[in-house]
Amino acid sequence: MRQKHLQQLHFFLFFFIVTYGNNALAANGKALQVTPQICVVAQGEKRCQTVVDIQYHTDHLADYCIVIATYHIRRCYQQVQQLQLQVDVKTENSLEIEVQEQHSNAVIAHTTMDVVMYKRKETRKRRNFGWNFL
302 MRQKHLQQLH FFLFFFIVTY GNNALAANGK ALQVTPQICV VAQGEKRCQT VVDIQYHTDH
362 LADYCIVIAT YHIRRCYQQV QQLQLQVDVK TENSLEIEVQ EQHSNAVIAH TTMDVVMYKR
422 KETRKRRNFG WNFL
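Residues 302 to 435 in our numbering are what the sequence shown spells out, letter by letter.
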């Protein structure tokens with residue numbers, strides 16, 4: 302019984318860290334954030350369907366591109382410090398999202414939006430026959 306509670310606690314902590322932690326944060330003032338970080342596919346569904354919000358902040362003015370190779374998306378911005386893009390996605394697989402320098406295609410930041418399947422655990426119905434003497 303205690304092990305079951307520890308497993309639930311570990312799952313909760315993992316989910317909390319993944320949901321509320323920064324996706325990518327570098328020491329030089331650059332940050333890439335993707336919301337949601339995890340897309341949960343409901344039981345009986347085949348794909349994750351959501352709007353992905355991508356934000357990137359940096360201290361340096363430059364030409365940057367947000368790239369989602371799976372969807373052949375490449376949005377470029379000129380002389381900016383802040384990027385924002387919203388994309389409607391329907392996917393069965395995780396999305397790899399990159400911020401690249403526009404002219405050299407050098408990857409500046411990278412993160413992933415994970416797709417997980419929810420499967421309800423089949424449990425036996427618990428019955429209380431009034432055997433509690435306390």
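Glycine residues also receive a C-beta, built at the ideal position from the N, C-alpha and C atoms. In this text, all values refer to a predicted model and were calculated from it rather than measured experimentally.
Requested in this report: State buried or exposed for Y419, treating a residue as buried only when at least 16 other CB atoms are found within 10 Å of its CB.
Outcome: exposed
**Report entry** E423 versus Q344 - alpha carbon distance
**Finding:** 13 Å
Report task. Report the option in I367, L396, D354 and M414 whose CA atom is closest to the CA atom of Q403. Result -> I367
Query - Closest residue to A332 among V417, I398, R421 and V416 (Cα-Cα distance) - result: I398
Query raised in the report: So the beta strand (DSSP E) H411 belongs to, where does it begin and stop?
Result: V408 to M418
Query - Status (buried if at least 16 other CB within 10 Å, exposed otherwise) for Q383 - result: exposed
Query raised in the report: Helix, strand or coil: how does DSSP classify T441 here?
Result: Any answer about residue 441 is impossible in this case: the structure gives the chain only from 302 up to 435.
Query - Spatial neighbours of R421 in its chain, beta-carbon cut-off 8 Å, leaving aside the 5 residues before and after - result: Q344
Query - Own chain, CB closer than 6 Å to C340, minus 5 neighbours either side, in chain order - result: C349, T351 and V416
Query raised in the report: Considering only residues of the same chain and omitting the five flanking positions on each side of V408, which have a CB-CB separation below 6 Å?
Result: E399 and Q401
Report task. Could you work out which residue in Q356, V342 and Q338 is closest to L386 when comparing CA atoms only? Result -> Q356
Requested in this report: Please classify A370: does DSSP put it in a helix, a strand, or coil?
Outcome: helix
Query raised in the report: Looking at the structure shown, is R375 part of a helix, part of a strand, or coil, going by DSSP?
Result: strand
Query - Host beta strand (DSSP E) of A332 (start-end) - result: A332 to T336
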